[in-house]
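Written below as structure tokens is the structure these notes are about.
Number of protein chains: 2
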Amino acid sequence: MPSLDYPPPLQRLIAHIKSLPGLGPRSAERLVLWLLQSQGRVEPLVDALMAVSERVHACDQCGFFIERDEDCVLCHSTKRNHQIICVVEQAADVLRLERSGAFGGVYHVLGGKLSPLDNVTPEDLRIEPLLERVKAQQVDEVILAVGSDVEGEATASYLSEMLRTEGIAVSRLAQGMPAGGGLDHVDELTLYQAMHGRRRL
Amino acid sequence: MPSLDYPPPLQRLIAHIKSLPGLGPRSAERLVLWLLQSQGRVEPLVDALMAVSERVHACDQCGFFIERDEDCVLCHSTKRNHQIICVVEQAADVLRLERSGAFGGVYHVLGGKLSPLDNVTPEDLRIEPLLERVKAQQVDEVILAVGSDVEGEATASYLSEMLRTEGIAVSRLAQGMPAGGGLDHVDELTLYQAMHGRRRL
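Chains A and B are the protein sequences, given in the same order.
The first sequence maps to residues 11 to 211 in the numbering used here.
The second sequence maps to residues 11 to 211 in the numbering used here.
Structure follows, in structure tokens:
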């Protein structure tokens with residue numbers, strides 16, 4: 011007697027869900043069984059996925075998401091400073107920076123960071139469109155707001171080299187103490203960076 | 011200036027994914043952005059969901075999943091003992107018991123457990139079909155393989171009362187020490203149950 015398993019379509023769905031980021035075998039199984047527990051749980055999810063697939067795409071210029079037939083609220087804003095471009099890894103980073111209220115320029119989403127171990131090369135990121143952008147329009151400064159991990163640093167130094175060749179001022183987000191935290195909550199490298207980047211009062 | 015957010019279809023998809031069990035706001039956002047990061051990630055997921063929605067449903071008798079137009083491999087098996095019914099909470103429990111190899115009878119999936127706090131009453135579970143089943147065919151024993159938490163105990167005592175009225179022998183899975191574990195890994199209640207249910211060698 012072959013060992014019992016779910017019907018093939020169910021096995022395939024569990025395998026698919028399991029392959030999504032943040033979901034393991036157990037949570038995938040629990041999620042799929044939950045979807046099947048009552049009628050009408052699958053269709054709204056399918057509809058929401060289809061709506062995004064059909065109506066949402068990335069802005070050709072900045073890479074943030076826009077709805078079909080609509081202008082990018084960032085790139086077409088007359089209230090933003092189009093001479094300063096802030097480069098981020100992901101679209102979600104744009105929202106984080108917007109919520110901080112610290113930036114009034116425009117954005118450029120790379121779509122990741124350089125990582126030879128994961129086969130992410132400059133061609134996989136939106137680096138060429140960034141260079142075309144700074145050549146085509148007058149840009150005073152490019153702020154590299156990528157992460158401060160190894161891949162982020164590599165991406166930042168690669169970009170800063172390319173942009174400086176074009177004569178563009180390049181800057182990087184400051185590293186240092188998190189707001190509201192004491193020295194006991196900060197790792198040594200961050201403390202080193204905070205000391206190194208200290209500001210005279 | 012209204013604060014920036016994702017386009018509405020994307021917000022709706024994130025809200026929907028967030029409402030699924032096991033996914034929080036951050037993991038939902040990460041998952042959705044991952045789906046959008048490359049072309050062709052949404053469609054296979056939609057296809058897998060649609061295939062399950064269209065082709066998989068619960069067996070009318072036991073409640074385990076079957077593929078459309080196919081017989082239930084459990085209820086139609088000639089190699090299983092149809093006089094012993096094992097009652098479980100979820101379809102996933104059927105697979106767990108099958109993997110243990112400890113049971114050769116047939117199953118009955120309740121679809122949950124009694125829980126007044128969550129508004130789960132006997133009408134919400136497949137209890138009526140269970141009673142019809144034991145009345146319609148000759149059943150020697152019903153094994154209650156529901157959980158040993160408060161709701162599981164309540165469900166078990168409710169079912170055992172109903173089934174005994176029908177003159178059916180009812181049993182419950184043994185509680186005790188987990189296989190391969192020492193006393194230091196067992197909580198006090200389990201230890202109490204293990205002592206209480208000790209077997210003479």
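Just so it is clear, CB atoms sit at the ideal spot from N, CA and C, and this is done for glycine as well.
Remember, it's a predicted structure, so these values are computed and weren't measured experimentally.
*Flag this pair as yes or no: are the beta carbons of arginine 40 of chain A and proline 31 of chain B separated by less than 8 Å?*
yes
_Given leucine 183 of chain B as reference, the closest of B:Gly34, B:Ala166, B:Lys123, B:Leu199 once Cα atoms are compared_ = B:Ala166
*Cα-Cα separation between leucine 219 of chain A and serine 125 of chain B, rounded to whole angstroms*: No answer is possible for residue 219 of chain A: it lies beyond the span of chain A, which begins at 11 and ends at 211.
*Sort A:Arg51, A:Leu169, A:Gly115, A:His92 by Cα distance to leucine 141 of chain A and report the nearest one.*
A:Leu169
*asked:* Quick check: is the beta carbon of isoleucine 95 of chain A nearer than 8 Å to any beta carbon in chain B?
replied: no
*For the candidate residues A:His67, A:Arg210, A:His92, A:Gly115, whose alpha-carbon lies nearest to that of glutamine 47 of chain B?*
A:His67
*With 8 Å set as the bound, which would you pick, yes or no: does the beta-carbon of leucine 201 of chain B sit closer than that to a beta-carbon of chain A?*
no
*asked:* Please classify tyrosine 16 of chain A as buried or exposed, where buried requires at least 16 other C-beta atoms within 10 Å of its C-beta.
replied: buried
*Rounded C-alpha distance that separates glycine 114 of chain A from glutamine 203 of chain A*: 26 Å
*Could you check what DSSP says for arginine 36 of chain A in three-state terms: helix, strand or coil?*
helix
*Can you tell me whether valine 156 of chain B is buried or exposed, with buried defined as 16 or more other CB within 10 angstroms of its CB?*
buried
*In the DSSP assignment, find the alpha helix (DSSP H) that holds arginine 78 of chain B and state where it starts and stops.*
Unbroken run through arginine 78 of chain B: none, as it is neither H nor E.
_Against chain A, does isoleucine 137 of chain B count as a neighbour if the rule is that its beta carbon must be under 8 Å from one of theirs?_
no
*Answer with yes or no whether the minimum CB distance from arginine 65 of chain A to chain B is below 8 Å.*
yes
_Burial state of aspartate 1 of chain A, where buried means 16 or more other Cβ atoms lie within 10 Å_ = Here chain A has residues from 11 to 211 only, and residue 1 of chain A is not among them.
_If distances are taken between C-alpha atoms only, which option among B:Leu84, B:Lys89, B:Trp44, B:Arg174 comes closest to tyrosine 117 of chain B?_
B:Leu84
*serine 181 of chain B lies in the alpha helix (DSSP H); which residues open and close that run?*
No alpha helix (DSSP H) holds serine 181 of chain B; the beta strand (DSSP E) holding it covers 179-182.
*Using DSSP with H/G/I as helix, E/B as strand and the rest coil, what is tyrosine 117 of chain A?*
strand
*aspartate 128 of chain B versus glycine 191 of chain A - alpha carbon distance*: 41 Å
*asked:* DSSP three-state label for glutamine 47 of chain B, please.
replied: helix
*Whole angstroms is fine: what's the gap from proline 139 of chain B's alpha carbon to isoleucine 178 of chain B's?*
15 Å
*asked:* So that I know if they touch, is there some Cβ in chain A lying closer than 8 Å to that of phenylalanine 75 of chain B?
replied: yes
*Range of the contiguous beta strand (DSSP E) that encloses histidine 26 of chain A*: Unbroken run through histidine 26 of chain A is the alpha helix (DSSP H), 18-28; no beta strand (DSSP E).
_So for histidine 67 of chain A, helix, strand or coil by DSSP?_
strand
*Residues bridged to valine 98 of chain A (per DSSP)*: A:Val119
_Contact under 8 Å by Cβ, alanine 112 of chain B with glycine 73 of chain B_ = no
*Are any of the Cβ atoms in chain B nearer than 8 Å to that of histidine 118 of chain A?*
no
_Residue environment, proline 19 of chain B, which counts as buried when at least 16 other CB atoms sit within 10 Å_ = buried
*Excluding the five sequence neighbours on either side, which residues of its own chain have a C-beta within less than 7 Å of the C-beta of asparagine 91 of chain A, listed in chain order?*
Gly114, Gly115
*Could you check what DSSP says for leucine 169 of chain B in three-state terms: helix, strand or coil?*
helix
*valine 144 of chain B lies in the beta strand (DSSP E); which residues open and close that run?*
Not the beta strand (DSSP E): valine 144 of chain B falls in the alpha helix (DSSP H), residues 137-146.
*Measure the C-alpha to C-alpha separation of methionine 11 of chain B and glutamate 80 of chain A and round it to an integer number of angstroms.*
Confidence at methionine 11 of chain B is low in this model, with a pLDDT of 49, below 50, so the placement of that residue is unreliable and no value is reported for it.
*Answer with buried or exposed for glycine 162 of chain A, where buried requires no fewer than 16 other C-beta atoms within 10 angstroms of its C-beta.*
buried
*Would you report the Cα separation of arginine 36 of chain B and glutamine 71 of chain A, rounded to the nearest angstrom?*
26 Å
*How is the beta strand (DSSP E) around leucine 154 of chain B delimited, first residue to last?*
151-154
*Kindly list the residues whose CB is nearer than 8 Å to the CB of glutamine 21 of chain B, restricted to its own chain and excluding five residues on each side of it in sequence; keep chain order.*
Asp15
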